[in-house]
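**Q** Residue numbers (UniProt numbering): 1 to 405. In this text, a Cβ means the ideal position worked out from N, Cα and C, and glycines have one as well.
(1) Any idea what DSSP makes of residue 372, helix, strand or coil?
(2) Looking at residue 299: is its Cβ nearer than 8 angstroms to the Cβ of residue 136?
(3) With 16 other CB atoms within 10 Å as the buried threshold, where does residue 148 fall?
(4) Give me the residue from 142, 324, 246 with the minimum Cα distance to residue 276.
(5) I'd like the list of long-range same chain contacts for residue 325, defined as Cβ closer than 7 angstroms, with 5 residues on each side in sequence excluded.
(6) On the criterion of 16 or more Cβ atoms from any shown chain inside 10 Å, does residue 258 qualify as buried, or is it exposed?
(7) Between residue 373 and residue 318, how many whole angstroms is the CB-CB distance? I'm expecting something under 8 angstroms.
(8) Can you give me the C-alpha to C-alpha distance between residue 305 and residue 250, rounded to a whole angstrom?
(9) Quick check on residue 346: buried or exposed, where buried means 16 or more other Cβ atoms within 10 Å of its Cβ?
(10) Helix, strand or coil: which one does DSSP assign to residue 351?
(11) Within the same chain, show all residues whose beta-carbon is closer than 7 angstroms to that of residue 241, passing over the 5 residues directly before and after it, in chain order.
(12) Is it right to say residue 340 is buried, meaning 16 or more other beta carbons lie within 10 angstroms of its own, or is it exposed?
(13) Residue 50 by DSSP, collapsed to three states: which one?
(14) Between which residues of its own chain and residue 154 is the CB-CB distance below 7 angstroms, once the five residues before and five after are set aside?
(15) Can you list, in chain order, the residues of its chain with a C-beta nearer than 6 angstroms to that of residue 322? Leave out the 5 residues immediately preceding and following it.
(16) Leaving out the 5 sequence neighbours to the left and right, which residues in its chain are closer than 8 angstroms to residue 165 when beta-carbon positions are compared?
(17) As an exercise, report each continuous alpha helix (DSSP H) stretch of at least 4 residues that is fully enclosed by the UniProt repeat "Solcar" (216-305), in chain order.
(18) Using 8 angstroms as the threshold, is the C-beta distance between residue 225 and residue 297 below it?
(19) Just verifying my parser: in three-state terms, what is the DSSP assignment at residue 201?
(20) For residue 169, which three-state DSSP category applies?
(21) Sorted by chain position, which residues of the same chain lie with C-beta nearer than 8 angstroms to residue 177's C-beta, five sequence neighbours on each side aside?
(22) Residue 352 to residue 334, Cα distance in whole Å?
(23) Whole angstroms are fine: how far does the CA of residue 218 sit from the CA of residue 186?
(24) List the whole-angstrom C-beta distance separating residue 139 from residue 354, where the pair is believed to meet the contact cut-off of C-beta under 8 angstroms.
(25) In whole angstroms, what is the alpha-carbon distance linking residue 310 and residue 266?
(26) Please name the residue, chosen from 395, 401, 402, that lies closest to residue 143 on a Cα-to-Cα basis.
(27) What's the C-alpha gap between residue 232 and residue 270?
(28) Rounding to the nearest angstrom, what Cα-Cα distance links residue 106 and residue 400 in this structure?
(29) Which two residues bound the contiguous alpha helix (DSSP H) that contains residue 333?
(30) Please determine, among 398, 402, 397, 385, the residue with the shortest C-alpha to C-alpha distance to residue 194.
In structure tokens form, the structure reads like this:
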């Protein structure tokens, strides 16, 4: 019987040996507190502990590069003689990647060249949660102070069945309630948008920091944005959006049931229970996740294309506005569904779920109904995101400088 291993079996065994050695060094580092490994406690030790082995890919396969011990130089792994040490394992035919990765592997295979700290992929340090929270809160409050009238017109058009345009909708609001009508629901919206901004940016920074270890770099911002969107929808946006829509619906109904934030909460809780605050949570979650994911995914690319040296605030504003336009055109249908569900008041419910609402609107009003209110919403979100992103960066820089976080 032939006891020789096949090529595939050798690859599998080799992979297990690599994993075993990696785990051994991980445990050794964790138990010794970096002491036995020769690692000195620097600001990057946590990252370097996780990145004891760096994966470098190349066309036709992959190769693992392991650096030896660090003698106190952040971002560099050296042996006891001060020389950079590498150990390569045989390539495995698991994936095929581009030329850039091949160049990385070739560059890493040069032992005489000592790598600098910038050449090793150290994940970006995440912003302190308090700075993200405060900057997000203030940027949200700044946004809503400018865009509230557009949001009121948008919601008024969406809940109207007659195909009302934004100009006609604005005229009706003014005729029924005057200038004050454009700010119906302002307390709920102010609390909502400021709180939403705080949760969104805080959650995004946390998700981004975690995801950069386990997903491809191009997907990090998008997936972190989706996570942040769902987080803000379930923790904050759904109940506050419900109160805002009910208050804005008072314009059409002629009633004044939701005249204050506290009174609105009491009325909804009395009539529908606490669950009434979470009407439309499915549609809201989808809207927020898709919108926030697209905005964060596009923002960095658009801004990098516009940015000069030194960067200007208007570049952040333009990048934010463009991402706002893209996300609005993408998810306006789910926003219409959300507004219809949340505007329902009373025991009789015309729309019982997101899917049922989609079918009913499609059958009764056609596909164009899903883009009702798109013009004022496009203006509102593009302006709002221009303000939000530029204001967030300014507030974040200011709070970091003031607090030292």
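**A** Checking against the coordinates, here is how it stands:
(1) Within the chain shown, numbered from 1, the residue matching residue 372 stands at position 372. If DSSP states are grouped into helix, strand and coil, residue 372 belongs with coil.
(2) Taking the chain shown and counting its residues from 1, one reaches residue 299 at position 299. Taking the chain shown and counting its residues from 1, one reaches residue 136 at position 136. Going by C-beta atoms, residue 299 is not nearer than 8 angstroms to residue 136.
(3) For the purposes of this step, residue 148 is identified with residue 148 of the chain shown, where counting begins at 1. Flag for residue 148 reads buried.
(4) Within the chain shown, residue 276 is the residue found at index 276, counting from 1. The shortest CA-to-CA distance from residue 276 to any of 142, 324, 246 is the one to 246.
(5) The residue labelled residue 325 in the question sits at position 325 within the chain shown. The residues are 378, 382.
(6) Counting from one through the chain shown, the residue named residue 258 turns up at place 258. Only buried fits residue 258, as 16 or more other CB atoms lie within 10 angstroms of its CB.
(7) On the chain shown, position 373 is the one that residue 373 refers to. On the chain shown, position 318 is the one that residue 318 refers to. With a contact defined as Cβ atoms closer than 8 angstroms, residue 373 and residue 318 miss out at about 24 angstroms.
(8) For the purposes of this step, residue 305 is taken as residue 305 along the chain shown, with counting starting at 1. For the purposes of this step, residue 250 is taken as residue 250 along the chain shown, with counting starting at 1. Looking at the two C-alpha atoms, the distance is approximately 44 angstroms.
(9) The residue given as residue 346 occupies position 346 in the chain shown. Exposed, by the Cβ-count rule.
(10) Residue numbering aside, residue 351 sits at position 351 when the chain shown is read from its first letter. Here DSSP, grouped into helix, strand and coil, assigns residue 351 to coil.
(11) Within the chain shown, numbered from 1, the residue matching residue 241 stands at position 241. The residues are 192, 284, 342.
(12) The residue labelled residue 340 in the question sits at position 340 within the chain shown. Buried, because 16 or more other Cβ atoms sit within 10 Å of the Cβ of residue 340.
(13) Numbered from 1 along the chain shown, position 50 holds the residue referred to as residue 50. Unreliable placement is indicated for residue 50, whose pLDDT of 39 sits below 50; the coordinate value is still reported in the next sentence. Looking at residue 50 - three-state DSSP - the assignment turns out to be helix.
(14) Here the question's residue 154 lines up with position 154 in the chain shown. If we look at residue 154 and ignore the five residues flanking it on each side, its Cβ neighbours are 373, 376, 377, 380.
(15) Residue numbering aside, residue 322 sits at position 322 when the chain shown is read from its first letter. Counting only Cβ-Cβ distances below 6 angstroms, and skipping sequence neighbours, we find 302.
(16) By 1-based counting over the chain shown, the position of residue 165 is 165. If we look at residue 165 and ignore the five residues flanking it on each side, its Cβ neighbours are 157, 375.
(17) Runs found: 217-232, 238-253, 261-272.
(18) Along the chain shown, one-based indexing puts residue 225 at 225. Along the chain shown, one-based indexing puts residue 297 at 297. When the beta-carbon positions are compared, residue 225 and residue 297 come within less than 8 angstroms of each other.
(19) Here residue 201 is taken as the residue at index 201 of the chain shown, counted from 1. The answer is helix: DSSP assigns residue 201 an H, G or I state.
(20) Mapped onto the chain shown, residue 169 falls at position 169. Secondary structure at residue 169: helix, using DSSP grouped into helix, strand and coil.
(21) Here residue 177 refers to the residue found at position 177 when the chain shown is read from its first residue. The answer, listed in chain order, is 184, 251.
(22) Residue numbering aside, residue 352 sits at position 352 when the chain shown is read from its first letter. Residue numbering aside, residue 334 sits at position 334 when the chain shown is read from its first letter. Straight-line spacing of the CA atoms in residue 352 and residue 334 works out to 15 angstroms.
(23) Translated into the one-based positions of the chain shown, residue 186 becomes position 186. Translated into the one-based positions of the chain shown, residue 218 becomes position 218. Rounded to whole angstroms, the gap between the alpha carbons of residue 186 and residue 218 is 38 angstroms.
(24) Your numbering for residue 139 matches position 139 in the chain shown. Your numbering for residue 354 matches position 354 in the chain shown. Wrong, their Cβ atoms sit about 29 angstroms apart, outside the cutoff.
(25) Here residue 310 refers to the residue found at position 310 of the chain shown. Here residue 266 refers to the residue found at position 266 of the chain shown. In this model, residue 310 and residue 266 are separated by some 51 angstroms (Cα to Cα).
(26) In the chain shown, residue 143 corresponds to position 143, counting from 1. That would be 395, whose Cα lies nearest to the Cα of residue 143.
(27) The sequence position of residue 232 within the chain shown is 232, counting from 1. The sequence position of residue 270 within the chain shown is 270, counting from 1. For residue 232 and residue 270, the distance between alpha carbons rounds to 25 angstroms.
(28) As a first step, residue 106 is located in the chain shown; it is residue number 106 there, counting from the start. As a first step, residue 400 is located in the chain shown; it is residue number 400 there, counting from the start. Residue placement at residue 106 is poorly supported in this model, since its pLDDT is 45, which falls under 50; the coordinates still yield a value, given next. A straight line joining the alpha-carbon of residue 106 with that of residue 400 spans about 40 angstroms.
(29) As a position in the chain shown, residue 333 is number 333, starting the count at 1. For residue 333, the enclosing alpha helix (DSSP H) stretches over residues 313-343.
(30) The sequence position of residue 194 within the chain shown is 194, counting from 1. Cα-wise, what sits closest to residue 194 is 385.
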